[in-house]
Amino acid sequence: MFFSVVIPTYNRLPILQKCLLALENQEFDQNIITDYEIIVVDDGSIDQTIPWITEEKASLAHVKVLTQNHKGAGSARNLGVENAVGDWIIFIDSDLIVTPVFLQAHSQAIIKAQEKENSERIFTYGAVINTCNFDNPTAEPYKITDFSSAYFATGNVAIAKKWLLEAGLFDTMFNQYGWEDLELGVRLKKLGLKLIKCPEAVGYHWHPPFNLQQIPQLIEKEIERGKMGVLFYQKHPTYEVRMMIQMTWLHKLLWGILSFGGTLNENTMKPLLQWLINQGKPQLALEIARIFLNWYNVKGVYSAYNQTK
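FYI, in my numbering the residues of the sequence shown are 11 to 319.
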């Protein structure tokens, strides 16, 4: 088994450094994993990503770098897959720090699942733990908010390259934030692939502590996610996708009520959010901010959908 770890990145050098060094520090059974490569696809970064990787070449023996103009994560992942040597692809993000047994855990789960299911139509999905602890990200415990019910998400997944090629890779029409991985998941599900949970393959997803200055960007992401959600629905017009993208009367009613029709917003909730941040609870502040962020998403979905009529 040969793994190609595909990592798109865009101006994330400080956390990418931790990501790559953790991947270079892997412990595995060479009777199972013959070797691996780390394909970093730089999506037009203007920081020092390429110079740093070049300078640290001696300590990044498995790293191979590909570059492209800024086209988005889906396009970057496609480029990585197309140039991958491995028969198995692992997708992670450039802000994910893995444990030393990461590759071994995925490989063991793959072999066990293939034997149990008597089928090659499987892929493994590891655990993703969110953290804002930059100095020691792997110290973060698992939280209920880290649970994901997604069928296919690129934060920490291992899948045979042949299934990605048969499904058709990522749709580059998803050129804004959101849904390109779940849309590919719909096509993979049609091929009969089964999701195998692999909690031993842990990745710690770092993000900076929440502050009020992030809110405009977060709102913009929710609006973009709404637009891309409508594209998702146009490709797969099912009730399941409507539920996923929050384009139902239930979601409209729920987030409308919770936000009091938008009166609970970034301006009216600012004092509470800042107080929580000052109390050292930025994650709780972010979860509360999701009340109005989700309302922006729902409005974005319906606005984009109405424009398609």
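Each residue gets a CB set at the ideal place from its N, CA and C atoms; glycine is no exception.
Cβ-based neighbour list, residue i, same chain, cut-off 7 Å, excluding 5 preceding and 5 following
i: Leu274; result: Ile301 and Phe302
i: Lys280; result: Leu222
i: Glu150; result: Ile139, Thr141, Asn143 and Tyr214
i: Phe261; result: The identity of residue 261 in the sequence shown is His, whereas the question assumes Phe. Excluding sequence neighbours, His261 sits near Val308.
i: Thr59; result: Thr19, Leu23, Leu26 and Asp52
i: Leu113; result: Phe13, Gln36, Phe38, Ile43 and Tyr46
Given residue i as reference, the closest of the options once Cα atoms are compared
i: Asn166; options: Trp173, Lys172 and Ser158; result: Ser158
i: Glu37; options: Pro61, Gln244 and Thr109; result: Thr109
i: Pro61; options: Tyr46, Ile206, Thr77 and Ile48; result: Thr77
i: Ile43; options: Val111, Gln58, Arg87 and Asn88; result: Val111
i: Asp97; options: Ile287, Ser104, Phe13 and Leu228; result: Phe13
i: Glu127; options: Lys291, Tyr152, Leu205 and Arg87; result: Leu205
i: Glu7; options: Leu296, Ala160 and Gln58; result: Nothing about residue 7 can be read from this structure; the chain reaches only from 11 to 319.
i: Tyr187; options: Glu297, Ile233 and Glu47; result: Ile233
i: Lys153; options: Gln289, Lys231, Gln293 and Leu30; result: Gln293
i: Ser85; options: Asn185, Asp39, Leu30 and Ala177; result: Asn185
i: Ile287; options: Gly82, Phe220, Asn88 and Pro226; result: Phe220
i: Leu30; options: Glu47, Gln284 and Gln40; result: Glu47
i: Glu190; options: Ile298, Asn88, Ala295 and Glu210; result: Asn88
i: Ile99; options: Lys171, Ala295 and Phe162; result: Lys171
Endpoints, the beta strand (DSSP E) within which residue i is located
i: Cys208; result: Lys204 to Trp216
i: Phe101; result: Trp98 to Ile102
i: Pro219; result: Run containing Pro219: none; DSSP gives neither H nor E here.
i: Val15; result: Phe12 to Thr19
i: Ile60; result: Segment Thr59 to Glu65 is the alpha helix (DSSP H) holding Ile60; no beta strand (DSSP E) there.
i: Ala168; result: Asn166 to Ala170
Residue i in three-state terms, based on DSSP
i: Asp45; result: strand
i: Lys319; result: coil
i: Gly178; result: coil
i: Asn140; result: strand
i: Ala32; result: helix
i: Thr134; result: strand
i: Asn277; result: coil
i: Asn307; result: helix
i: Asp52; result: strand
i: Leu113; result: helix
i: Leu201; result: coil
i: Val95; result: coil
Beta-carbon contacts of residue i that lie in its chain and below 8 Å, excluding the five residues immediately before and after
i: Trp173; result: Arg131, Phe133, Leu198, Leu201 and Leu203
i: Leu175; result: Val91
i: Val240; result: Ile255, Met257, Val311, Ala314, Tyr315 and Thr318
Extent of the continuous alpha helix (DSSP H) run through residue i
i: Leu106; result: Taken as a continuous stretch (DSSP letters only), Leu106 belongs to no alpha helix (DSSP H), being part of the beta strand (DSSP E) at Leu106 to Val108.
i: Ala71; result: Note, Ala71: premise wrong, no alpha helix (DSSP H); not H, not E.
i: Val240; result: Ile225 to Lys245
i: Phe184; result: Taken as a continuous stretch (DSSP letters only), Phe184 belongs to no alpha helix (DSSP H), as it is neither H nor E.
i: Ala86; result: Ala83 to Glu92
i: Ile7; result: This structure gives no information on residue 7, because the portion of the chain shown stretches from 11 to 319.
i: Val251; result: Tyr249 to Met254
Own chain, CB closer than 6 Å to residue i, minus 5 neighbours either side, in chain order
i: Gly236; result: Asn307, Gly310, Val311 and Ala314
i: Val75; result: Val50 and Ile63
i: Ala32; result: Ile107 and Val108
i: Ile229; result: Tyr306
i: Gly304; result: For the record, residue 304 in the displayed sequence is Asn; it is not Gly. So the qualifying residues of the chain are Trp265.
i: Ser117; result: Met11, Ile42 and Ile43
**OP:** Could you tell me whether the region 56-69 touches the region 85-95, using the rule of 3 or more Cβ pairs below 8 Å?
**Re:** Contact annotation: the region 56-69 does not touch the region 85-95, with fewer than three C-beta pairs closer than 8 Å.
Original post:
Is the number of C-beta pairs between the region 69-81 and the region 143-159 that are closer than 8 Å three or more?
Top reply: Verdict: no, contact absent.
**OP:** Spell out a yes or no on whether the region 244-261 and the region 180-200 are touching, meaning 3 or more CB-CB pairs, one atom from each, closer than 8 Å.
**Re:** Pairwise C-beta distances place the region 244-261 in contact with the region 180-200, as three or more of them are shorter than 8 Å.
Original post:
Are at least three pairs of beta-carbons, each pair with one atom in the region 14-34 and one in the region 51-64, less than 8 Å apart?
Top reply: By the Cβ rule, the region 14-34 counts as touching the region 51-64, because three or more pairs are nearer than 8 Å.
**OP:** Flag this pair as touching only if the region 118-127 and the region 216-228 have three or more C-beta atom pairs under 8 Å; answer yes or no.
**Re:** These segments do not touch.
Original post:
So does the region 189-197 actually touch the region 263-278, counting three or more Cβ pairs closer than 8 Å?
Top reply: Here the region 189-197 does not lie against the region 263-278, with fewer than 3 beta-carbon pairs under 8 Å apart.
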